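Read through the structure below, which is laid out as structure tokens, and then see the notes.
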Amino acid sequence: MSRAPGGSLSPFAIVMCIGAGLLCALFAVSALGALVLGTFEEGRGPAIATVVVGVTASAALLLLPFHRRLGRTLGCIALVLFAAGMLLAVFSPGLSSDAPGPYQAAAIALAVLLLARLGLSLRRKRRPEER
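The working numbering runs 2 ahead of the 1-based position in the sequence shown.
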């Protein structure tokens, strides 16, 4: 994210965060509407997971310009939920692919990279500065 000279987000970054948050919220509401109207006869679990991840991601994006710590925390939660949803979807018995190997490898790689990134971030925060 671009920062203004004072350390806060630039006006362009604030507008982009709010715009992306509103788009995620629109996506989550449309998925929730399709879920409520009964469009999904099968696969209600992934549809509910989509709504939860969409709401969490939109909340993170909308909060980021105003409360950075809470926005980042919600963003991390949304990424973890997304990775878990991908793992559940790829390893479900009803996967309609002849060769699920590349999809499974991609889902595992995303989850491992995400956990490594979060672990390194937490480790960096706990380590006292050595200067």
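Note that beta-carbon positions come from the ideal geometry of N, C-alpha and C, so glycine has one too.
Fair warning: this is a prediction, and the values are worked out from it, not measured in the lab.
Nearest to CYS26 by alpha-carbon distance, out of PRO13, ALA80, ARG46, is ALA80. Of the other Cβ atoms in all chains shown, fewer than 16 fall within 10 Å of the Cβ of SER99; this residue is therefore exposed. Taken atom to atom, the span from the alpha-carbon of ARG126 to that of ALA118 is near 12 angstroms. Its chain contains TYR105, GLN106, ALA109 as the residues whose beta carbon lies nearer than 6 angstroms to that of VAL92, once the 5 sequence neighbours on both sides are disregarded; these appear in chain order.
DSSP assignment within the segment 10 to 52 yields no whole beta strand (DSSP E) run of 3 residues or more. If you check the CB distance, ALA33 and ALA49 come in under 8 angstroms. Our two residues, GLY35 and THR52, have alpha carbons roughly 12 angstroms apart in a direct line. Between the segment 68 to 77 and the segment 37 to 46 there are fewer than three C-beta pairs closer than 8 angstroms, too few to call the two in contact. Beyond the five residues adjoining it in sequence on each side, ILE16 comes within less than 6 angstroms, by CB distance, of PRO67 in the same chain, given in chain order. Apart from the 5 residues on each side of it in sequence, LEU116 sits with its Cβ closer than 6 angstroms to the Cβ of LEU81, ALA85 in its chain, given in chain order.
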